[in-house]
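Undergrad:
Protein chains: 2
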Amino acid sequence: MTEKVQTVCIIGTGLIGGSLALALKKSGFCRRIVGAGRTEATLKKAVELGVVDHYETDFALAVKDADIVVVAVPLSAMKNVFEQIAPALSATAVVTDAGSAKQSVISDAQVAFGKTSNRFVAGHPISGTEKSGVTAAFTELYENRKVILTPTNGTDGEAVQLVTEMWQAAGAEVETMDAEHHDMVLAGTSHLPHILAFGLVDCLNSLEDVDEIFRFAAGGFRDFTRIASSDPVMWRDICLSNREDILVMMKKYQAQLQMISSALEDSDADALVEIFSRAKKARDQFNNQ
Amino acid sequence: MTEKVQTVCIIGTGLIGGSLALALKKSGFCRRIVGAGRTEATLKKAVELGVVDHYETDFALAVKDADIVVVAVPLSAMKNVFEQIAPALSATAVVTDAGSAKQSVISDAQVAFGKTSNRFVAGHPISGTEKSGVTAAFTELYENRKVILTPTNGTDGEAVQLVTEMWQAAGAEVETMDAEHHDMVLAGTSHLPHILAFGLVDCLNSLEDVDEIFRFAAGGFRDFTRIASSDPVMWRDICLSNREDILVMMKKYQAQLQMISSALEDSDADALVEIFSRAKKARDQFNNQ
Numbered sequence: 005m006t007e008k009v010q011t012v013c014i015i016g017t018g019l020i021g022g023s024l025a026l027a028l029k030k031s032g033f034c035r036r037i038v039g040a041g042r043t044e045a046t047l048k049k050a051v052e053l054g055v056v057d058h059y060e061t062d063f064a065l066a067v068k069d070a071d072i073v074v075v076a077v078p079l080s081a082m083k084n085v086f087e088q089i090a091p092a093l094s095a096t097a098v099v100t101d102a103g104s105a106k107q108s109v110i111s112d113a114q115v116a117f118g119k120t121s122n123r124f125v126a127g128h129p130i131s132g133t134e135k136s137g138v139t140a141a142f143t144e145l146y147e148n149r150k151v152i153l154t155p156t157n158g159t160d161g162e163a164v165q166l167v168t169e170m171w172q173a174a175g176a177e178v179e180t181m182d183a184e185h186h187d188m189v190l191a192g193t194s195h196l197p198h199i200l201a202f203g204l205v206d207c208l209n210s211l212e213d214v215d216e217i218f219r220f221a222a223g224g225f226r227d228f229t230r231i232a233s234s235d236p237v238m239w240r241d242i243c244l245s246n247r248e249d250i251l252v253m254m255k256k257y258q259a260q261l262q263m264i265s266s267a268l269e270d271s272d273a274d275a276l277v278e279i280f281s282r283a284k285k286a287r288d289q290f291n292n293q
Numbered sequence: 005m006t007e008k009v010q011t012v013c014i015i016g017t018g019l020i021g022g023s024l025a026l027a028l029k030k031s032g033f034c035r036r037i038v039g040a041g042r043t044e045a046t047l048k049k050a051v052e053l054g055v056v057d058h059y060e061t062d063f064a065l066a067v068k069d070a071d072i073v074v075v076a077v078p079l080s081a082m083k084n085v086f087e088q089i090a091p092a093l094s095a096t097a098v099v100t101d102a103g104s105a106k107q108s109v110i111s112d113a114q115v116a117f118g119k120t121s122n123r124f125v126a127g128h129p130i131s132g133t134e135k136s137g138v139t140a141a142f143t144e145l146y147e148n149r150k151v152i153l154t155p156t157n158g159t160d161g162e163a164v165q166l167v168t169e170m171w172q173a174a175g176a177e178v179e180t181m182d183a184e185h186h187d188m189v190l191a192g193t194s195h196l197p198h199i200l201a202f203g204l205v206d207c208l209n210s211l212e213d214v215d216e217i218f219r220f221a222a223g224g225f226r227d228f229t230r231i232a233s234s235d236p237v238m239w240r241d242i243c244l245s246n247r248e249d250i251l252v253m254m255k256k257y258q259a260q261l262q263m264i265s266s267a268l269e270d271s272d273a274d275a276l277v278e279i280f281s282r283a284k285k286a287r288d289q290f291n292n293q
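See below:
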């Protein structure tokens with residue numbers, strides 16, 4: 005394992021940051037992990053659970069000796085955290101994040117870091133569960149999962165390499181792509197499905213005999229709506245940060261539903277089979293990947 | 005176990021009929037299970053796998069000695085099967101089905117069975133997987149799952165009792181309700197989610213870089229769209245059989261999505277958190293049931 009990394013600082017020791025800390029500890033990627041966050045009780049818990057070695061509530065103190073800083077906070081908090089750490093970073097420190105939308109984070113980083121934003125590498129681990137918090141963290145969260153890095157033209161190549169090695173040490177497969185492309189792809193495969201699941205549960209919840217309705221729900225419903233148990237504030241942030249791409253996807257989906265609605269209105273059996281068959285074929289292929 | 009049941013005939017030995025056969029065999033509910041269907045190869049396979057004891061491709065022959073006939077065929081085939089078996093049923097035979105919509109099946113039964121439709125008990129096991137066919141059948145499918153029976157005012161009480169005992173022998177919890185109510189509840193908890201999942205996969209599948217999109221899909225997407233691997237013809241039938249209730253639910257859902265779209269258009273953070281929080285609360289309660 006690389007010898008160059010002494011200290012990793014993880015700001016935000018929830019499911020995402022905490023699981024990364026556990027995986028890095030296990031792999032021996034660095035000598036020391038410093039946790040930082042706003043809530044001292046959470047940080048104490050993180051030390052107690054062996055997730056981090058040490059904690060700081062002052063972000064500037066936390067990042068002072070860090071070779072890598074991972075900012076794993078809600079998207080709405082990114083800019084503020086970047087601004088707090090910018091003056092305290094060492095000249096060689098590399099900063100990365102774990103947010104679900106990338107263009108907004110890159111723009112926040114450019115404002116906060118200015119000239120040194122070439123050592124900021126935007127990243128997104130494609131994993132997580134509907135749970136949150138340090139107690140939900142586990143070492144294997146990133147094993148064989150994808151992490152997408154979205155460096156810009158100005159991003160330092162060595163910084164990208166270091167962040168890549170960090171995620172590989174945590175067990176992940178790392179790929180790079182444009183931030184614009186990332187945001188569009190994730191709007192379709194993650195952001196839209198979460199909105200649809202939240203929407204379905206809220207819709208059924210507004211019906212009169214809601215207890216009956218949930219009582220007779222089966223496994224399909226359970227799986228379909230699992231992601232509606234996700235953190236509402238985190239998802240508000242994702243929606244606002246990737247608003248335009250999500251709106252594009254929502255419009256496409258609303259048109260799709262209108263197409264199915266019309267087929268059903270017209271009792272158009274062939275149209276229904278055609279749509280369902282295309283979907284099944286695509287989903288079966290995805291399953292076999 | 006009751007001594008009154010000698011022979012159960014199961015028409016349609018796919019996932020639903022085949023799993024029932026396996027569970028009834030294991031429980032000793034009856035002496036003999038006759039399988040029937042259109043495709044001899046499937047029936048041979050069912051005998052080979054030990055799912056049924058004997059098979060017939062002629063439905064009238066199949067039901068001749070049956071105490072209970074379970075019709076587990078697609079909704080669009082119900083009426084035709086009912087008409088074929090009606091003249092061949094013994095005077096005491098009880099008929100039930102396993103269709104996902106109940107008003108349409110009751111109406112088919114009333115036409116086909118006429119005066120003897122009082123011994124038809126409409127039923128729906130709330131279970132299944134996205135897989136189909138006799139090779140997908142397994143003994144435990146109904147264990148601790150709900151089965152809803154929707155007898156009408158005219159349905160014979162003893163017939164309801166016998167069908168209840170059969171499903172209990174297969175491990176299920178049996179409840180009764182009005183067919184109208186069943187169809188509305190299932191439109192919301194099962195039929196609508198399936199349509200939404202088929203719709204999402206078809207929508208993403210129509211995008212240009214579809215390979216990329218599926219490649220970066222994570223666990224949430226996988227669970228959300230699992231039901232889009234379901235049988236397209238079966239779901240066409242369900243849509244057409246429960247068309248009106250599904251259309252009511254789709255309209256409600258489309259209004260819900262429009263509400264979320266508008267909140268997003270307006271960058272209305274509070275509205276988004278409110279919707280997502282209500283959904284999370286309802287979904288968490290369902291999880292704890």
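Respectively, the protein sequence lines represent chains A and B.
According to my numbering, numbering within the first sequence proceeds without interruption in unit steps and concludes at 293.
According to my numbering, numbering within the second sequence proceeds without interruption in unit steps and concludes at 293.
Every residue, glycine too, gets a C-beta built ideally from N, C-alpha and C.
Nothing here was measured: the structure is a model prediction, and the numbers come from that model.
With a cut-off of 8 Å, does the C-beta of residue 216 of chain B fall near any C-beta of chain A?
TA: yes
Undergrad: Given residue 279 of chain B, which residues of its chain have a CB within under 8 Å of its CB, disregarding the five upstream and five downstream residues?
TA: The answer, listed in chain order, is 263, 264, 267.
Undergrad: For residue 104 of chain B versus residue 235 of chain B, is the C-beta distance shorter than 8 Å?
TA: no
Undergrad: Rounding to the nearest angstrom, what Cα-Cα distance links residue 111 of chain B and residue 118 of chain B in this structure?
TA: 10 Å
Undergrad: Residue 150 of chain B by DSSP, collapsed to three states: which one?
TA: strand
Undergrad: Is there at least one Cβ from chain B nearer than 8 Å to residue 5 of chain A's Cβ?
TA: With a pLDDT of 46 at residue 5 of chain A, under the threshold of 50, the modelled position of this residue cannot be trusted; read the value that follows with caution. No, residue 5 of chain A lies away from the interface with chain B (no Cβ there is under 8 Å from its Cβ).
Undergrad: Could you have a look at residue 129 of chain A and say whether DSSP puts it in helix, strand or coil?
TA: Of the three classes helix, strand and coil, the one that applies to residue 129 of chain A here is strand, per DSSP.
Undergrad: Between residue 179 of chain B and residue 227 of chain B, what straight-line distance do the alpha-carbon atoms span, to the nearest angstrom?
TA: 28 Å
Undergrad: Do we get a CB-CB distance below 8 Å when we pair residue 148 of chain A with the residues of chain B?
TA: no
Undergrad: Listed from N- to C-terminal order along the chain, which residues in the stretch 233 to 246 of chain A have their beta-carbon within a distance smaller than 8 Å of any beta-carbon of chain B?
TA: Listed in chain order, the positions of the stretch 233 to 246 of chain A with a beta carbon within less than 8 Å of a beta carbon of chain B are 233, 234, 235, 236, 237, 239, 240, 243, 244.
Undergrad: For residue 215 of chain B, is the classification buried or exposed, using 16 other Cβ atoms within 10 angstroms of its Cβ as the cut-off for buried?
TA: Looking at its Cβ environment, which holds fewer than 16 other Cβ atoms inside 10 Å, residue 215 of chain B is exposed.
Undergrad: Please list the residues of the stretch 197 to 210 of chain B that have a C-beta atom closer than 9 Å to any C-beta atom in chain A, keeping them in chain order.
TA: 197, 198, 199, 200, 201, 202, 203, 204, 205, 206, 207, 208, 209, 210
Undergrad: Quick test of your reading: residue 22 of chain B and residue 176 of chain B, contact by CB under 8 Å. State the CB separation rounded to the nearest angstrom.
TA: Not a contact, Cβ separation roughly 15 Å.
Undergrad: Kindly indicate the opening and closing residues of the beta strand (DSSP E) around residue 39 of chain A.
TA: 36 to 40
Undergrad: With 16 as the cutoff for other CB atoms within 10 Å, does residue 123 of chain B come out buried or exposed?
TA: Counting Cβ neighbours within 10 Å, residue 123 of chain B comes out buried, since at least 16 surround it.
Undergrad: May I have the straight-line CA-CA distance separating residue 24 of chain A from residue 125 of chain B, to the nearest angstrom?
TA: 56 Å
Undergrad: From the DSSP secondary-structure annotation, give me the bridge partner or partners of residue 124 of chain B.
TA: B/99
Undergrad: Mind pulling the chain A residues with CB within less than 9 Å of residue 291 of chain B?
TA: 226, 230, 233
Undergrad: Do residue 151 of chain B and residue 71 of chain B have their C-beta atoms within less than 8 Å of each other?
TA: No.
Undergrad: Report yes or no: do three or more beta-carbon pairs, one from the stretch 192 to 200 of chain A and one from the stretch 54 to 61 of chain A, lie closer than 8 Å?
TA: The stretch 192 to 200 of chain A makes no contact with the stretch 54 to 61 of chain A, as fewer than three CB pairs between them are under 8 Å.
Undergrad: For residue 241 of chain B, which residues from the same chain have a beta carbon less than 7 Å from its beta carbon, with the 5 sequence-adjacent residues on both sides left out?
TA: If the five residues before and after residue 241 of chain B are omitted, its C-beta is found closer than 7 Å to the C-beta atoms of 78, 79, 80, all from its own chain and listed in chain order.
Undergrad: Whole angstroms are fine: how far does the CA of residue 186 of chain A sit from the CA of residue 6 of chain A?
TA: With a pLDDT of only 47 at residue 6 of chain A, under 50, the local geometry of the prediction cannot be trusted, and the value read off the model is given with reservation. Roughly 29 Å between the two C-alpha positions.
Undergrad: I'd like to know if residue 142 of chain B contacts chain A, where contact means its C-beta is closer than 8 Å to some C-beta of that chain.
TA: no
Undergrad: Against residue 193 of chain B, what residues of chain A qualify as contacts under a CB-to-CB distance less than 8 Å, listed in chain order?
TA: 208, 217, 218, 220, 221, 222, 225
Undergrad: Using beta-carbon positions only, say whether residue 167 of chain B and residue 98 of chain B come within less than 8 Å of one another.
TA: yes
Undergrad: Cutting at 7 Å between CB atoms, please list the residues of its own chain near residue 208 of chain B, excluding the five before and the five after it.
TA: 214, 217, listed in sequence order.
Undergrad: Ignore the nearest five residues each way along the sequence and tell me which others in residue 87 of chain B's own chain have a CB closer than 6 Å to its CB.
TA: 116
Undergrad: Can you list the residues of chain A that residue 258 of chain B reaches, using a CB-CB cut of under 9 Å?
TA: 258, 261, 262, 265
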